[in-house]
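Everything below concerns the one structure shown next.
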Amino acid sequence: MPTSTTDSERTTSSGIEVQPVYTAADQPAELSERLGEPGQYPFTRGVYPTMYRSRLWTMRQYAGFSTAEASNERYKLLLAAGARGLSVAFDLPTQIGYDADDPMAEGEVGKVGVSICSIEDMRRLFDGISLGEVTTSMTINATAPILLALYVAVAKEQGADLRKLGGTIQNDILKEYAARGTYIYPPRPSMRFITDVFAWCADELPRWNTISISGYHIREAGATAAQELAFTLADGIAYVQAALDAGLDVDVFGARLSFFFNAHNNLFE
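In my numbering, the protein residues as written are 91 to 359.
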């Protein structure tokens, strides 16, 4: 919502000035170049020529109950109801690398998501669910390489073709330092984990989205819409630069970078 100071001076919550009336004369001369066509550079109007008129995005419900068995029941219910993808919520001990029986995990196991401590837990989580036929999003960051490895191991046990296996791991550690807090290691080794995931997936898991660069948490931590965009894009640039420094090909790993933004109704932002 814009906040007004006077009838003639209005600004958005990000401090962007809003005029009371806009006409065609207010359009910048380079508007057509900035907008382009859908499916074409600079992709302002979307990455696909017809966007979601021809194919809807995958709709998945974020879910993770206290145990793998309870979560598995929920996932099966969602799939039976027509869901085409799954979204796994993990508890805080899983997010920061503690086993369920660690004293530091006391009182937190299974509280905000499912507890996964081993491949046995991962097997129970997806028991009776064909991972080769469903895409899975896993909201996991500091321990993302470990959870991805467990997921891939279960998929291989099921006989899934890894080159066709689809899904996403959040794997966005920079926003954890800035806005959320579930980090384990310092930034430099954490970035190494992320670029290692980029490299491995490029060779072994080409359809997997290796990161979900997240503005949502930054916005929820108090950022304005403009700050959310700025910080998230800055994080994205840092990930790309780290991958380039590691010798990776941007034309390969770049196609699997995804973003997650907080969707407000800020028309002018």
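Built from N, CA and C at the ideal position, the CB exists for glycine as well.
Checklist entry - Near A313, which residues of its chain fall below 7 Å by C-beta distance, leaving aside the five closest residues on each side in sequence? => result F321
Checklist entry - Pick from A316, D325, Y273, G337: whose alpha carbon is nearest that of A292? => result G337
Checklist entry - What are the start and end residues of each continuous alpha helix (DSSP H) run of 4 or more residues lying completely inside the segment 297-359, in chain order? => result 306-310, 315-335, 340-343
Item to check | F288 - DSSP class collapsed to helix/strand/coil | outcome: Helix, per DSSP.
Item to check | Nearest neighbour of R253, chosen from D181, E99, A190, R297 [CA to CA] | outcome: R297
Item to check | Inter-residue Cα distance where the pair is S94 and T101 | outcome: Unreliable positioning characterises S94 in this predicted model, as indicated by a pLDDT of 48, which lies under 50. A coordinate reading is not provided.
Checklist entry - Which stretch, first to last residue, makes up the beta strand (DSSP E) that contains T225? => result Unbroken beta strand (DSSP E) run through T225: 225-229.
Checklist entry - Any chance the segment 275-288 sits against the segment 207-224, with 3 or more Cβ pairs inside 8 Å? => result no
Checklist entry - In chain order, what residues of the same chain have a beta carbon less than 6 Å from the beta carbon of T300, not counting five sequence neighbours either side? => result Scanning its chain for C-beta atoms nearer than 6 Å, with the 5 sequence neighbours on each side dropped, one finds around T300 the residues V287, F288, C291, R346, in chain order.
Next on the checklist: Just to confirm my understanding: we take A170, look at its own chain, exclude 5 residues before and 5 after, and list those with CB closer than 7 Å. What are they?
Outcome noted: There are no such residues.
Item to check | Pairwise C-alpha distance: P235 and F343 | outcome: 16 Å
Checklist entry - Taking the alpha helix (DSSP H) that I259 falls in, what are its first and last residues? => result No alpha helix (DSSP H) contains I259, which is instead part of the beta strand (DSSP E) from 257-259.
Item to check | Uninterrupted alpha helix (DSSP H) stretches inside the segment 95-164 (no shorter than 4 residues) | outcome: 121-125
Item to check | S177 (DSSP reduced to helix, strand or coil) | outcome: strand
Checklist entry - Comparing alpha-carbon positions, which option in D116, G129, T148 lies nearest M141? => result G129
Item to check | Three-state secondary structure (DSSP) of V199 | outcome: Looking at V199 - three-state DSSP - the assignment turns out to be coil, as it is neither helix nor strand.
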